[in-house]
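Enquirer: In our numbering, the protein residues as written are 1073 to 1252.
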Amino acid sequence: MRTYKKSFFSRVFGVARFVYLKMRYGKRFQFKGIGLVGRNARIYIEGSLKVGENVFFGENCFIDLKGHVEIGSNCFFNDNLRLVCHDKIVIGDNVLVGPNVSFYDHDHNYILKSDCISYDGYVTSKIIIGSNIWIGENVKLLKGIKINNNVIIGASSIVTSDILSNSLVSGVPASKIRNL
């Protein structure tokens, strides 16, 4: 069994990247306690980001915030996270997110003009994630969903609708497999 350990210097640089975000974005980035940001993370904050204690963002994360994101305490976001927010995303405490997971609180809005597809902004709806959640690898979470507390989402699922508390869900689209 392989254990995941960060070297001392990886941790120091992870904390330094977290502090850099505070210096770069000022009031738009608020946090309690200290967190870690992995290598090659790209984080852009035009809206706001509030982070609780003990939050870890893995390597190669892409976070683009034009809206508002709130993340609770004791959350772990594995490598290659994509979190793109145009409205609002709220994530509770004790949330574990596997690698290659994507959060999108919007869809692109297109119109057909003269036999040509034209971009016409976004359609947005907030995402609410409860506490004590485990999100497996390659999961996509789409706009307008609410995930209640104590939920496990199986790998490669696409979440398009609300999930009740104490549920194991999986599939495309994600549906309830059983109670926890």
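Even for Gly, the Cβ is constructed at its ideal location relative to N, Cα and C.
(1) Name the residue from Tyr1191, Phe1175 and Asp1187 whose alpha carbon lies nearest to the alpha carbon of Asn1181.
(2) Who are the near neighbours of Glu1131 in its chain, counting only those whose CB is closer than 8 Å to its CB and skipping five residues on each side?
(3) If Gly1170 and His1158 are in contact, beta carbons under 8 Å, what's the gap, nearest whole angstrom?
(4) For Leu1108, which of Ile1135, Phe1149 and Tyr1176 has the nearest alpha-carbon?
(5) Just mark Ser1079 as buried or exposed, buried being the case when its beta carbon has 16 or more other beta carbons within 10 Å.
(6) Measure the alpha-carbon distance for Val1127 versus Thr1196 and round it to whole angstroms.
(7) Select from Asn1204, Val1231 and Phe1085 the residue whose C-alpha is nearest the C-alpha of Gly1216.
Expert: Based on what the coordinates show:
(1) Position 109 of the sequence shown, counted from the first residue, corresponds to residue 1181. Nearest of Tyr1191, Phe1175 and Asp1187 to Asn1181, Cα basis: Tyr1191.
(2) The count along the sequence shown starts at 1 and reaches residue 1131 at position 59. Apart from sequence neighbours up to five positions away, the residues of its chain that approach Glu1131 with a beta-carbon distance below 8 Å are Gly1110, Arg1111, Asn1112, Ala1113, Asp1151 and Asn1152, ordered along the chain.
(3) For the purposes of this step, residue 1170 is identified with residue 98 of the sequence shown, where counting begins at 1. For the purposes of this step, residue 1158 is identified with residue 86 of the sequence shown, where counting begins at 1. Between Gly1170 and His1158 the beta-carbon gap is near 24 Å, outside 8 Å, which marks them as no contact.
(4) Start at 1 with the first residue of the sequence shown, and residue 1108 comes out as number 36. Closest option to Leu1108, Cα to Cα, is Phe1149.
(5) Reading the sequence shown from its first residue, position 7 is the one you call residue 1079. Here Ser1079 is exposed: its Cβ has fewer than 16 other Cβ atoms, across all protein chains shown, within 10 Å.
(6) As a working note, residue 1127 is residue 55 in the sequence shown. As a working note, residue 1196 is residue 124 in the sequence shown. So the alpha carbons of these two residues sit roughly 26 Å apart.
(7) Counting from 1 along the sequence shown, the entry for residue 1216 is found at position 144. The shortest Cα separation from Gly1216 among Asn1204, Val1231 and Phe1085 belongs to Val1231.
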